[in-house]
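Each remark here refers to the structure printed beneath this line.
In this note's numbering, the protein residues as written are 123 to 367.
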């Protein structure tokens, strides 16, 4: 299992991954700084306000979008020539181990996205020096919860990516599905949670902000857990039962 995990890491197109991660971190930190300065007469500047402004577009758009893009990249090498799947699966390994290695690689990449976002946020705050103290516990909590909330989407995107061979098709599908987040973010959390692109926003948005979401943690996390297991088992069964001709 560990060997397969290492193999998947070796196949990752790191130049593309780092470019995308850098874009997310820089764009959203820049937007957070700009919006905090623009709306300072309405929302007093602070570390919490800088975080709220920075994370909104990250959790609504970039973070879920990158989940689908990275899932496609993880399967890109095999899809370049469909025979690669057959050759790979002819080796003495379990299909289930290969699938889980790809999933672990995907959620590891999403950890890197979160780390880059928060590091760039802290650097931006250090430059701007907003009033108040850095809400370290809040940042850590939202970072971890935002990552956990992406699990259902990661599982569903890996299931889709093993079937959709064209990277362009996968990108178009993800962009079309992430755009409704702008509307779904206004829903009650336990309804929005059924749409796997939406949970990161609710998990990362501070509830003590001037514009709180309608967040109900218990039903929200129950649905996130259920949908994660549902998509993971669905994708896993599809992968091990498929005949790779």
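Ideal placement from N, C-alpha and C gives every residue a C-beta, glycine not left out. Note that the coordinates shown come from a computational prediction; the quantities given were computed from them, not determined experimentally.
Cβ-Cβ distance between residue i and residue j below 8 Å
i           : j           : result
residue 272 : residue 185 : yes
residue 276 : residue 225 : yes
residue 182 : residue 303 : yes
residue 296 : residue 190 : yes
residue 278 : residue 318 : yes
residue 187 : residue 300 : yes
residue 240 : residue 261 : yes
residue 280 : residue 193 : yes
Cutoff 8 Å: residue i Cβ touching any chain B Cβ
i           : result
residue 142 : Protein chains in the displayed structure number just one, and chain B is not present.
Cβ-based burial, residue i [other Cβ within 10 Å; buried from 16]
i           : result
residue 97  : Because residue 97 is not part of the residues shown, which for the chain are 123 to 367, the question remains open.
residue 320 : buried
residue 196 : buried
residue 339 : exposed
residue 354 : buried
residue 171 : buried
residue 341 : exposed
residue 284 : buried
residue 147 : buried
Residue i to residue j span [Cα, whole Å]
i           : j           : result
residue 223 : residue 176 : 32 Å
residue 140 : residue 232 : 12 Å
residue 230 : residue 313 : 27 Å
residue 252 : residue 158 : 9 Å
residue 269 : residue 179 : 15 Å
residue 127 : residue 227 : 7 Å
residue 168 : residue 134 : 38 Å
residue 152 : residue 250 : 11 Å
residue 363 : residue 199 : 21 Å
residue 308 : residue 274 : 20 Å
residue 305 : residue 356 : 28 Å
residue 124 : residue 137 : 23 Å
Other residues of its chain near residue i: CB distance less than 8 Å, five sequence neighbours each side excluded
i           : result
residue 337 : 311, 324, 327 and 329
residue 316 : 345 and 349
Spatial neighbours of residue i in its chain, beta-carbon cut-off 7 Å, leaving aside the 5 residues before and after
i           : result
residue 143 : 234, 235 and 238
residue 372 : Outside the modelled stretch of the chain, which goes from 123 to 367, sits residue 372, for which no answer is possible.
Distance between beta carbons of residue j and residue i, contact taken as under 8 Å
i           : j           : result
residue 361 : residue 221 : 5 Å
residue 173 : residue 216 : That pair is no contact at about 42 Å.
Contacts around residue i, its chain only, beta-carbon distance under 6 Å, and the 5 residues preceding and following it disregarded
i           : result
residue 264 : 326
residue 246 : 151 and 155
residue 256 : 169
Residue i Cβ short of 7 Å to the ligand MG heavy atom set
i           : result
residue 304 : Absent from the structure shown: the ligand MG. Ligands present: none.
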